[in-house]
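Asker: Once you've had a glance at the structure underneath, I'll fire off some questions.
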């Protein structure tokens with residue numbers, strides 16, 4: 001297969017996997033205290049496609065987050081999707097559709113959103129500083145989220161997947177595990193990096209279903225999550241993560 005054909009094949013597989021995931025997620029139901037559910041793979045699908053079109057078959061490092069933040073992927077369709085990084089650095093453009101029902105405290109404004117996602121600003125800010133050009137980053141890296149859904153309570157408070165009921169977590173896990181396995185098997189990764197403990201645990205579980213020869217070629221590691229809710233992340237997150245990436249051999 002030619003290099004160009006391989007690039008197209010990898011991107012098509014990632015897009016098809018994401019398309020199956022977004023359809024599966026739309027079939028799920030969630031109860032109290034969750035009152036609003038956003039699926040950015042639906043309303044921001046055009047932006048997500050532009051993101052996946054930057055994936056490379058030569059990528060070696062797969063970074064995994066948990067689920068979208070309200071001012072990041074929820075707006076842009078890109079994992080940890082800080083608006084400025086997505087629009088100005090990656091060059092992703094376009095409009096997003098509306099959501100119904102929309103929580104009044106969590107409006108979807110797409111790339112026009114003026115709020116900043118701190119986790120995304122930290123993660124993509126580090127990548128921009130280290131690699132300068134997005135093409136250089138994507139040549140060796142890709143970032144995905146385990147679950148594409150945003151869960152909100154009546155107050156507008158974000159509810160992460162680990163806080164859902166056991167039944168709801170199990171329903172999500174079936175489809176998100178399948179999607180993650182497909183992503184892992186699409187490219188011959190060398191490093192699987194969980195952004196936080198939750199993502200690392202997802203990798204560990206899904207790797208049990210991956211063929212042994214492929215699994216032996218990968219190393220699993222964890223980096224500090226960039227959330228401002230973490231005191232450790234508020235003390236030189238970038239410096240900590242650079243050391244962690246170097247220690248595991250990814251950088």
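Residue numbers (the UniProt record's numbering): 1 to 251.
C-beta atoms are modelled at their ideal positions from N, C-alpha and C, and glycine is treated no differently.
Would you mind stating whether residue 175 and residue 24 have Cβ atoms separated by less than 8 Å?
Answerer: In contact: residue 175 and residue 24 (Cβ atoms closer than 8 Å).
Asker: Report back the beta-carbon spacing between residue 80 and residue 56 to the nearest angstrom; my notes put them in contact at under 8 Å.
Answerer: Actually they do not touch by this definition, with Cβ atoms about 18 Å apart.
Asker: Going by beta-carbon coordinates alone, are residue 110 and residue 44 separated by less than 8 Å?
Answerer: For residue 110 and residue 44, yes; Cβs fall inside 8 Å.
Asker: Is residue 147 buried or exposed, if buried means 16 or more other CB atoms sit within 10 Å of its CB?
Answerer: Counting Cβ neighbours within 10 Å, residue 147 comes out buried, since at least 16 surround it.
Asker: Among 71, 5 and 121, whose alpha-carbon lies nearest the alpha-carbon of residue 107?
Answerer: Among 71, 5 and 121, the Cα nearest to that of residue 107 is on 71.
Asker: Per DSSP, which residues does residue 219 bridge with? Please list them.
Answerer: For residue 219, which the question treats as bridged, DSSP gives the partners 191.
Asker: Roughly how many angstroms lie between the CA atoms of residue 149 and residue 41, to the nearest whole one?
Answerer: Each residue's alpha carbon lies about 8 Å from the other.
Asker: Can you list, in chain order, the residues of its chain whose CB lies under 8 Å from that of residue 207, leaving out five sequence neighbours each side?
Answerer: Within the same chain, residue 207 has close Cβ partners 184, 192, 215, 218 and 220.
Asker: Output yes or no for whether 8 Å exceeds the beta carbon distance between residue 152 and residue 34.
Answerer: Contact flag set, yes.
Asker: For residue 16, count the other beta carbons within 10 Å of its own beta carbon; 16 or more makes it buried, fewer makes it exposed. Which is it?
Answerer: With fewer than 16 other Cβ atoms within 10 Å, it is exposed.
Asker: Can you grab the Cα-Cα spacing for the pair residue 100 / residue 85, in whole Å?
Answerer: Going by the C-alpha atoms only, they are around 27 Å apart.
Asker: Among 164, 46, 36 and 205, which residue has its Cα nearest to the Cα of residue 194?
Answerer: Of 164, 46, 36 and 205, the residue nearest in Cα terms is 205.
Asker: Quick one: give me the first and last residue of the alpha helix (DSSP H) that residue 240 is part of.
Answerer: Taken as a continuous stretch (DSSP letters only), the alpha helix (DSSP H) holding residue 240 covers 237-247.
Asker: Skipping 5 residues on each side, what residues in its chain have a beta carbon closer than 6 Å to that of residue 242?
Answerer: For residue 242, where only same-chain residues beyond five positions count, there are no Cβ hits under 6 Å.
Asker: Would you kindly report the start and end of the unbroken beta strand (DSSP E) that includes residue 37?
Answerer: Note, residue 37: beta strand (DSSP E), 34-38.
Asker: Name the residue from 189, 225 and 167 whose alpha carbon lies nearest to the alpha carbon of residue 139.
Answerer: If we check each option's Cα against that of residue 139, 189 comes out closest.
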